[in-house]
Amino acid sequence: MSMEVTAWNALYNAMHAQQDTRPFSRATLRRIFAFAQPHRRYLVAFTALSIVTAVLAVATPVLAGRVVDAIMEGSSQRYVIGLAVVIAVIAVAEAGVGLVQRWLSASIGEGLILDLRQAVFDHVQKMPVAFFTRTRTGALVSRLNNDVIGAQRAFSDLLSGVVSNVVMLVLALIVMLGISWQITLLALALLPVFVLPARRMGGKLARLEREAANHNAVMGTQMTERFSAPGATLVKLFSRPERESAEFSVRARRVRDIGLRTAMVQWIFVTALTLVGALALALVYGLGGFYALRDQLDAGAVVSMALLLTRLYAPLTALASARVEVMSALVSFARVFEVLDLKPLIVEKPDARPVPDGPVSVEFDDVHFSYPAASDVSLASLEEVAMLDTRGGDEVLHGVSFTAAPGEMVALVGSSGAGKSTIAQLLPRLYDVDTGAIRLNGVDVRDLTTASVRQALGMVTQDGHLFHESIRENLLIAQPSASDDDLWDVLRRSRLDALVASLPDGLETVVGERGYRLSGGERQRLTIARLLLARPRVVILDEATAHLDSTSEAAVQEALGEALEGRTAVVIAHRLSTVRSADQILVIEAGRVVERGTHPELLSADGRYAQLYRTQFDQPAADRSAADAPADPGPADAELADAGLADSGLADSGLADSGLADSGSAEAELADGGLADAELADAGLADAGPADAAPADGGPADAGPVADDRRAGAAPGAAQTDAGEEVVPR
Numbered sequence: 001m002s003m004e005v006t007a008w009n010a011l012y013n014a015m016h017a018q019q020d021t022r023p024f025s026r027a028t029l030r031r032i033f034a035f036a037q038p039h040r041r042y043l044v045a046f047t048a049l050s051i052v053t054a055v056l057a058v059a060t061p062v063l064a065g066r067v068v069d070a071i072m073e074g075s076s077q078r079y080v081i082g083l084a085v086v087i088a089v090i091a092v093a094e095a096g097v098g099l100v101q102r103w104l105s106a107s108i109g110e111g112l113i114l115d116l117r118q119a120v121f122d123h124v125q126k127m128p129v130a131f132f133t134r135t136r137t138g139a140l141v142s143r144l145n146n147d148v149i150g151a152q153r154a155f156s157d158l159l160s161g162v163v164s165n166v167v168m169l170v171l172a173l174i175v176m177l178g179i180s181w182q183i184t185l186l187a188l189a190l191l192p193v194f195v196l197p198a199r200r201m202g203g204k205l206a207r208l209e210r211e212a213a214n215h216n217a218v219m220g221t222q223m224t225e226r227f228s229a230p231g232a233t234l235v236k237l238f239s240r241p242e243r244e245s246a247e248f249s250v251r252a253r254r255v256r257d258i259g260l261r262t263a264m265v266q267w268i269f270v271t272a273l274t275l276v277g278a279l280a281l282a283l284v285y286g287l288g289g290f291y292a293l294r295d296q297l298d299a300g301a302v303v304s305m306a307l308l309l310t311r312l313y314a315p316l317t318a319l320a321s322a323r324v325e326v327m328s329a330l331v332s333f334a335r336v337f338e339v340l341d342l343k344p345l346i347v348e349k350p351d352a353r354p355v356p357d358g359p360v361s362v363e364f365d366d367v368h369f370s371y372p373a374a375s376d377v378s379l380a381s382l383e384e385v386a387m388l389d390t391r392g393g394d395e396v397l398h399g400v401s402f403t404a405a406p407g408e409m410v411a412l413v414g415s416s417g418a419g420k421s422t423i424a425q426l427l428p429r430l431y432d433v434d435t436g437a438i439r440l441n442g443v444d445v446r447d448l449t450t451a452s453v454r455q456a457l458g459m460v461t462q463d464g465h466l467f468h469e470s471i472r473e474n475l476l477i478a479q480p481s482a483s484d485d486d487l488w489d490v491l492r493r494s495r496l497d498a499l500v501a502s503l504p505d506g507l508e509t510v511v512g513e514r515g516y517r518l519s520g521g522e523r524q525r526l527t528i529a530r531l532l533l534a535r536p537r538v539v540i541l542d543e544a545t546a547h548l549d550s551t552s553e554a555a556v557q558e559a560l561g562e563a564l565e566g567r568t569a570v571v572i573a574h575r576l577s578t579v580r581s582a583d584q585i586l587v588i589e590a591g592r593v594v595e596r597g598t599h600p601e602l603l604s605a606d607g608r609y610a611q612l613y614r615t616q617f618d619q620p621a622a623d624r625s626a627a628d629a630p631a632d633p634g635p636a637d638a639e640l641a642d643a644g645l646a647d648s649g650l651a652d653s654g655l656a657d658s659g660l661a662d663s664g665s666a667e668a669e670l671a672d673g674g675l676a677d678a679e680l681a682d683a684g685l686a687d688a689g690p691a692d693a694a695p696a697d698g699g700p701a702d703a704g705p706v707a708d709d710r711r712a713g714a715a716p717g718a719a720q721t722d723a724g725e726e727v728v729p730r
């Protein structure tokens with residue numbers, strides 16, 4: 001094994017050192033039966049049939065003893081045959097009742113698991129965004145699939161293996177005591193041999209099961225991340241297949257070793273129980289024969305005792321084994337309940353009301369906010385390193401206040417990691433503020449229903465997510481009742497109708513995982529079409545055109561023009577030329593509004609905004625006459641449609657590590673890496689002369705080959721400003 005894998009192995013052990021290994025508690029059992037309450041009618045029927053089955057099972061040994069006595073006493077042939085027929089009928093009845101029992105057990109188990117799986121799925125959907133940014137997807141999916149299946153096995157074993165066998169054990173014991181209490185008590189002397197190992201080995205197997213479940217979750221995470229389109233591409237580009245295979249091998253070998261240990265413990269335990277049962281049977285035959293030879297017991301009674309002993313020790317063995325298996329499988333219930341016990345951070349008030357009708361105003365009133373700590377939103381076993389993570393809790397927004405009247409546009413500009421995307425995420429109540437208030441039409445969003453708030457808002461980010469489904473299904477997420485005419489209308493308005501019409505499957509075309517079968521511009525236009533279908537009253541643009549080539553960007557700009565028309569807008573912008581016509585521009589630095597005003601006002605103030613503007617356009621303060629002139633009164637849609645930021649939405653929002661990006665870490669700066677060139681290319685500065693650098697309207701130069709080179713490397717001699725943006729030296 002390589003040194004790298006050995007080091008990774010040591011880190012992995014350290015990460016799991018603090019995990020809770022308790023198998024389960026009585027509280028877990030109570031919660032399991034609480035989920036079984038809706039199925040109590042089936043439970044009553046199952047218990048009744050268990051009693052019937054036990055009576056039938058005990059009757060057979062008694063009748064067998066009668067047959068032996070009849071033969072020994074020389075009874076009539078008809079009587080013996082009659083007893084044999086009764087035994088056969090009982091066997092058939094026992095099989096039929098057992099079949100119904102199994103159906104009831106399966107129905108109860110499947111129904112319980114359906115309820116449990118639905119409860120977990122619904123609960124996870126209520127968790128905050130921070131939960132998903134901290135949680136490893138594979139580990140969470142493992143809880144929803146593998147552990148729920150394990151929980152089903154636990155309940156089925158508990159129901160069929162415990163209830164039936166307890167009833168059988170009690171009846172067999174009563175009948176045996178009636179035949180010969182002396183032999184019964186001696187046979188039961190071996191009972192402690194069952195109980196003590198069962199308790200010890202049950203706990204050991206439960207710990208092994210939990211450990212195996214944790215390792216399986218980690219393997220599931222690795223496969224989920226590496227077998228996605230971006231993950232597989234990353235592995236190939238960095239030539240990591242061998243390293244990935246080695247790491248997977250470490251995990252798979254751990255699971256194999258645990259499986260071997262579990263199998264051996266179970267085999268030893270069951271073998272020991274079988275041996276004890278055989279010894280008890282020998283004891284019955286020996287003592288029974290002794291009493292029979294002394295005429296103290298009939299031969300038939302000895303046979304009945306021997307057969308009843310199998311009815312006694314078979315349930316004992318089953319109960320002991322069931323304890324081992326149930327203790328092991330109950331770990332799955334405990335792991336599922338851990339997820340259900342996580343508390344959602346966004347809780348709707350019982351008297352919450354919908355957003356008032358009509359155009360919507362947006363108000364931030366002295367908003368302070370900090371991202372939740374890891375312990376508040378996730379489990380160590382779901383993210384592996386949360387127990388070692390002390391990030392989160394630091395305030396990232398400090399007294400942010402602004403108002404956007406209905407139909408107005410507010411632009412947020414500033415350095416990467418300043419808190420712009422955090423503001424955008426607070427608006428649809430993905431998080432709640434610490435202090436202050438966010439209001440829609442004068443009503444605090446915490447007093448409004450969450451569904452109505454999110455229906456009133458629409459957001460376009462730089463990486464709009466698409467599901468691995470058809471174009472139709474991705475659009476219908478916004479409006480499930482939309483007709484085909486509605487779909488084609490929004491596709492036309494987002495400039496995608498011609499493309500979709502040219503596809504062989506049209507609206508039924510599957511876009512691939514995360515939309516990877518479409519180009520970047522096509523994905524963005526499809527997310528804009530989805531936004532148009534939702535008909536939001538407030539539009540939030542966060543990096544809407546980042547990373548797009550000039551051709552795709554132009555198409556997206558046109559589509560965004562449709563989205564912004566007549567709506568209140570909050571636009572996060574990095575290329576300042578795109579927000580000059582905004583009704584209000586806020587300069588955000590370190591979570592604070594340091595400047596506000598219109599484009600001409602902020603340039604005249606010669607503050608941070610003016611500095612950013614000069615940095616982007618390479619324009620000395622003395623030569624700003626053109627920039628100080630009023631902005632080109634062209635359509636606001638065309639200007640705002642480009643309102644994407646080069647700085648990553650993850651860096652601003654803190655999504656990557658729940659506040660890490662906003663804390664000024666290297667990751668936040670890297671999120672912006674390589675994108676300043678795109679801005680310079682749009683501004684006509686990358687390879688253009690002075691004439692190209694300052695177009696007549698002060699906006700970016702969109703024409704020429706330079707605009708298509710936005711993904712190229714930085715210009716020679718490029719430097720960095722304090723904001724982390726590359727500029728060409730004057």
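Numbering-wise, the sequence shown is residues 1 to 730 according to the UniProt record's numbering.
Even for Gly, the Cβ is constructed at its ideal location relative to N, Cα and C.
| query | result |
| --- | --- |
| Using the three-state DSSP reduction, which class does Phe617 fall into: helix, strand or coil? | helix |
| Considering only the beta carbon of each residue, do Val367 and Thr568 sit closer than 8 Å? | no |
| Is the Cβ-Cβ distance between Lys126 and Pro344 less than 8 Å? | yes |
| In chain order, what residues of the same chain lie with their CB nearer than 7 Å to the CB of Arg495, ignoring the 5 residues before and after it? | Arg525, Ala555, Glu558 and Ala559 |
| Does DSSP put Gln296 in a helix, a strand or coil? | coil |
| Figure out for me which residue from Gly442, Val413 and Asp606 has the closest Cα to the Cα of Ala582. | Val413 |
| Can you tell me which residues form a DSSP beta bridge with Phe131? | Paired residue(s): none; Phe131 is not in a bridge. |
| For Leu114 and Val570, what's the separation of their Cα atoms in angstroms? | 42 Å |
| Where does Lys349 fall in DSSP's three states? | coil |
| Can Met305 and Ser180 be called in contact, C-beta distance under 8 Å? | yes |
| In angstroms, rounded to a whole number, what distance separates the CA positions of Ala678 and Leu430? | Its pLDDT being 35, under 50, Ala678 is placed unreliably by the model, and the measurement read from it follows with that caveat. Rounded to the nearest angstrom, the two C-alpha atoms are 30 Å apart. |
| Is the segment 59-66 close to the segment 31-43, with three or more CB pairs under 8 Å? | no |
| How is residue 745 classed by DSSP in three states: helix, strand or coil? | Shown here, the chain extends from 1 to 730; a query on residue 745 therefore has no answer. |
| Can you confirm whether Ala57, when its beta carbon is compared against all beta carbons of chain D, has any partner nearer than 8 Å? | Although the question refers to chain D, the structure presented lacks it and comprises just one protein chain. |
| Go ahead and pull the three-state DSSP assignment for residue 732. | Only positions 1 to 730 of the chain appear in the structure, and residue 732 is not among them; the question remains open. |
| In whole angstroms, what separates the C-alpha of Leu319 from that of Val162? | 6 Å |
| Is it buried or exposed for Tyr613, if we count other Cβ within 10 angstroms and need 16 for buried? | buried |
| Quick one: give me the first and last residue of the beta strand (DSSP E) that Thr403 is part of. | Glu395 to Ala404 |
| Among Val276, Thr133, Gln462 and Arg335, which residue has its Cα nearest to the Cα of Arg210? | Arg335 |
| Are there 16 or more other CB atoms within 10 angstroms of the CB of Phe364, so buried, or fewer, so exposed? | buried |
| If you draw a straight line from the C-alpha of Thr449 to the C-alpha of Asp542, how long is it? | 24 Å |
| Taking buried to mean at least 16 other C-beta atoms within 10 Å of its own C-beta, is Met409 buried or exposed? | buried |
| Since Gly520 is in the alpha helix (DSSP H), which residue starts that stretch and which ends it? | Gly520 to Ala534 |
| Report yes if the C-beta distance between His468 and Glu513 is below 8 Å; otherwise report no. | yes |
| Looking at the unbroken beta strand (DSSP E) that takes in Thr461, where does it start and where does it end? | Leu457 to Thr461 |
| Roughly how many angstroms lie between the CA atoms of Val539 and Thr133, to the nearest whole one? | 24 Å |
| Could you give the residue range of the alpha helix (DSSP H) that holds residue 731? | Residue 731 lies beyond the range of the chain shown here (1 to 730); nothing can be said about it. |
| How is the alpha helix (DSSP H) around Ile477 delimited, first residue to last? | Premise fails: Ile477 is in no alpha helix (DSSP H) and is neither H nor E. |
| Can you give me the C-alpha to C-alpha distance between Gly82 and Leu173, rounded to a whole angstrom? | 27 Å |
| Let me know the secondary structure DSSP gives Ala119 once reduced to three states. | helix |
| Whole angstroms is fine: what's the gap from His574's alpha carbon to Gln616's? | 9 Å |
| What is the DSSP secondary structure of Ser494, reduced to helix, strand or coil? | coil |
| How long is the line joining the alpha carbons of Ala590 and Pro600, rounded to whole angstroms? | 24 Å |
| For Gly414, which three-state DSSP category applies? | strand |
| Checking the sheet assignment: what are the DSSP bridge partners for Ile438? | Phe364 |
| Apart from the five residues on each side of it in sequence, which residues of its chain come closer than 7 Å, Cβ to Cβ, to Leu491? | Asp497, Val500 and Ala529 |
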